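Quick note on my numbering: the sequence shown kicks off at 6 and runs consecutively.
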Amino acid sequence: MERIKCLIIGSGPSGYTAGIYASRADMKPVMYTGMQAGGQLTTTTEVDNFPGYPEGTDALMEDLKKQAERFGTEVCFGVVTKVDFSTEVGGIHKVTIDDDKVVEAQTVIVSTGATAKYLGLESEQRLIGGGVSACATCDGFFYKNQDVIVVGAGDTAAEEATYLANICNKVTMLVRKDHMRASKAMQHRVN
């Protein structure tokens, strides 16, 4: 059975950052990208708010991947489907990839990030980055002084609406039920 010193689950910014640091510590990291190599940031057309890119970039995730690989991170395409964490200090963890390959890892770094929830509308995927967004702090700037709609009733939707209220002309929250699920504190913020 293959043994890996450091296995990283996920390939978003935190996964690549972990890869850079683990490589520099000579941990010989192996990263499994997950279903969406590059994470949620690959769904946006341009990243305009990341330090070091004064003009913005549409290649942030590719640049992070190149940097991690330059230091020695091995990037593998595959989905980790199961992890049996050892309960012993310094124990070996068994990691299943794509439901069929099992490897052993001394260290497992979980950097699976976030996944946006979409409505499932036919036109939605086509309009991501062109009117449909799942990250107010990432894309809110593009809607400055415009009327926007936030769909949802939980804390995340309320936080996004609160953020957008500072830069957009009008924010409307669409709630599918007759009540908010957000915490009372967040409900007071959006009212």
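Using N, Cα and C, we set each Cβ at its ideal position, and we do this for glycine too.
On a predicted model such as this, the values are computed, not experimentally measured, just so you know.
Rounded separation between V94 and L69 - CA only: Your numbering for residue 94 matches position 89 in the sequence shown. Your numbering for residue 69 matches position 64 in the sequence shown. Distance between the alpha carbons of V94 and L69 is about 32 Å.
Test item: CB-CB of V115 and I14 under 8 Å: Locating residue 115 in the sequence shown gives position 110, counting from the first residue. Locating residue 14 in the sequence shown gives position 9, counting from the first residue. Cβ distance < 8 Å, so V115 and I14 count as in contact.
Taking the alpha carbon of E161 as the point to measure from, which residue in F147, D152 and A141 has its own alpha carbon closest? For this step, residue 161 is matched to residue 156 along the sequence shown. For the record, residue 161 in the displayed sequence is Thr; it is not Glu. Selected option, being the one with the closest Cα: A141.
Own chain partners of A187 with C-beta closer than 6 Å, once the 5 adjacent residues on each side are dropped: Against the sequence shown, residue 187 aligns to sequence position 182. These residues qualify, in order along the chain: G159, D160 and A163.
Since C143 is in the alpha helix (DSSP H), which residue starts that stretch and which ends it? Against the sequence shown, residue 143 aligns to sequence position 138. Unbroken alpha helix (DSSP H) run through C143: A141 to D144.
Could you give the first and the last residue of the continuous alpha helix (DSSP H) run that contains H193? In the sequence shown, residue 193 corresponds to position 188, counting from 1. Element bounds for H193: K189 to V195.
Own chain, CB closer than 8 Å to Q192, minus 5 neighbours either side, in chain order: For the purposes of this step, residue 192 is identified with residue 187 of the sequence shown, where counting begins at 1. Answer for Q192: A163 and M185, listed in chain order.
Check whether S28 and V80 have beta carbons under 8 Å apart: Taking the first residue of the sequence shown as position 1, residue 28 is located at position 23. Taking the first residue of the sequence shown as position 1, residue 80 is located at position 75. Against a cut-off of 8 Å, the Cβ pair of V80 and S28 comes out as no contact.
Nearest residue (CA-CA) to D104, options F90, A121, T86 and A119: The residue given as residue 104 occupies position 99 in the sequence shown. The candidate whose alpha carbon is nearest that of D104 is T86.
Below 8 Å between beta carbons: does that hold for G61 and E51? Here the question's residue 61 lines up with position 56 in the sequence shown. Here the question's residue 51 lines up with position 46 in the sequence shown. In this structure, E51 lies closer than 8 Å to G61 by Cβ.
What is the C-beta distance between V155 and L169, in whole angstroms, given that I count them as a contact (C-beta under 8 Å)? Residue mapping note: residue 155 aligns to position 150 of the sequence shown, counting from 1. Residue mapping note: residue 169 aligns to position 164 of the sequence shown, counting from 1. Yes, they are in contact, since the Cβ atoms of V155 and L169 sit about 7 Å apart, within 8 Å.
Look up V137 in the DSSP assignment and give the residues it is bridged to. Looking up residue 137 in the sequence shown gives position 132. DSSP output for V137 lists I133 as bridge partner(s).
What did DSSP end up calling Y58 once you bin it into helix, strand or coil? To locate residue 58, count along the sequence shown from 1; it is residue 53. It is coil, neither helix nor strand.
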